[in-house]
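Since the structure comes first, as structure tokens, the remarks are kept for the end.
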Amino acid sequence: MYYCGVCRSIGTHFGQFPRLGLTNETGMLAMILDAVCKTNNNVTTIRKPCVAHPYKKTLSVTNNGCVDYAALVNVLLAYHKLKDNWIDDRNVLAQTGSLMMFRAYKKAEKQNPELSETIKKHLDELSQLEKAKCSSIDRAAEPFSRLMRIIFTSYNDLDENKVALMGKLGYNIGKWIYLIDALNDLESDIKKGSYNCLVYKYEYQDNESIEIFKARVSEHLRFSLEMCLASISEAWEGLKDDFDDFTITKDTKHFIDNVFYLGMRQKTDINLNGGNKGDDENE
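Note that this note's numbering has the sequence shown beginning at 2, numbered continuously upward.
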């Protein structure tokens, strides 16, 4: 219901087209913030059809500051992603999309100019590292990791006592996303000649099959991804210590637990195993 809430908030505040750039991550951001800010047990919801599901009434959170913040973040990130795709790949569809999103982006920028500038600064830093063909995984992942830390800690109603743990959570989610995306995009990046930190770190050779290279890379990458997951779990456990039945619903708590302890770990294992779920699941 948070995912749908963010989608509706984008439509209400920024127009219909930016809803096409909705991501699961911002729905998750809204849910985590709502839980940590202790407003989860008092959410207002509506059930009605939408553009994506015209014949089905979907439940969504409404009139919620955490959801509206996540919607703003989604618009800012989606616009910059389209701009980067146009600059890096000369993708005409991305250029068209960025032009169609420009008005929504300017509106989001006006609402939170500091966050908008921070996002631009960190994505520019990431772009510079890519152009320099950075061969350090940690350095390449750092701008996006720091950006996620800032996004997770910049919501106005976040308790000061929660900032450190939320920063740790956001930073490691950001690093995990960056590394998983690098592994996912490895084959297409090699074929297109696009930058991928794994190619430069582990020195891909033209005569090496992509499957063998990916298997070789996965062994090295496992430790970094496991460390991210461990830090995410540690931060979330620290945040949960302050929860009680009056500030977070059991459904929300269980959903976030499942994402951090099961969903992200399963996705990690699948990607490290080359798209296979693992030998133990195939027996």
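Cβ atoms here follow ideal geometry from the backbone N, Cα and C, with glycine treated the same way.
- Secondary structure note for V52: it is in no alpha helix (DSSP H), with a DSSP letter that is neither H nor E.
- Per DSSP, L263 is not a residue of any alpha helix (DSSP H), being assigned neither H nor E.
- Rounded to whole angstroms, the separation of the alpha carbons of A141 and E204 is 15 Å.
- As computed with DSSP, S61 is found in a beta bridge with I47.
- Shown here for Y179: same chain residues with a beta carbon closer than 8 Å to its own, the five before and five after excluded, namely A141, A142, F145 and S146 in chain order.
- Taking the C-beta atoms as reference points, E131 is found nearer than 7 Å to Y196.
- In this structure, DSSP gives S136 a state outside helix and strand, which the three-state scheme calls coil.
- With at least 16 other beta carbons inside 10 angstroms of its own, L83 counts as buried.
- Rounded to whole angstroms, the gap between the alpha carbons of R91 and K193 is 13 Å.
- Membership of E188 in the alpha helix (DSSP H) is indicated by the continuous run L187 to K193.
- Take T269, set aside five residues on each side of it, and the residues of its chain with a beta-carbon closer than 6 Å to its own are L226, in chain order.
- Contact between C5 and S61 holds: their C-beta atoms lie close to 4 Å from each other, under 8 Å.
- For Q206, there is no enclosing alpha helix (DSSP H), as DSSP marks it with neither H nor E.
- Taking R266 as reference, the option from A72, A231, T46 and P55 with the minimal CA-CA separation is A231.
- Bounds of the alpha helix (DSSP H) holding N25 are N25 to V37.
- The three-state reading of DSSP puts R91 in coil, since its state is none of H, G, I, E or B.
- Residue W237 holds the alpha-carbon nearest to the alpha-carbon of F261 among W237, I211 and K241.
- Here V74 is near I152, since their CB atoms are less than 7 Å apart.
- For K163, no alpha helix (DSSP H) run applies, since DSSP gives it neither H nor E.
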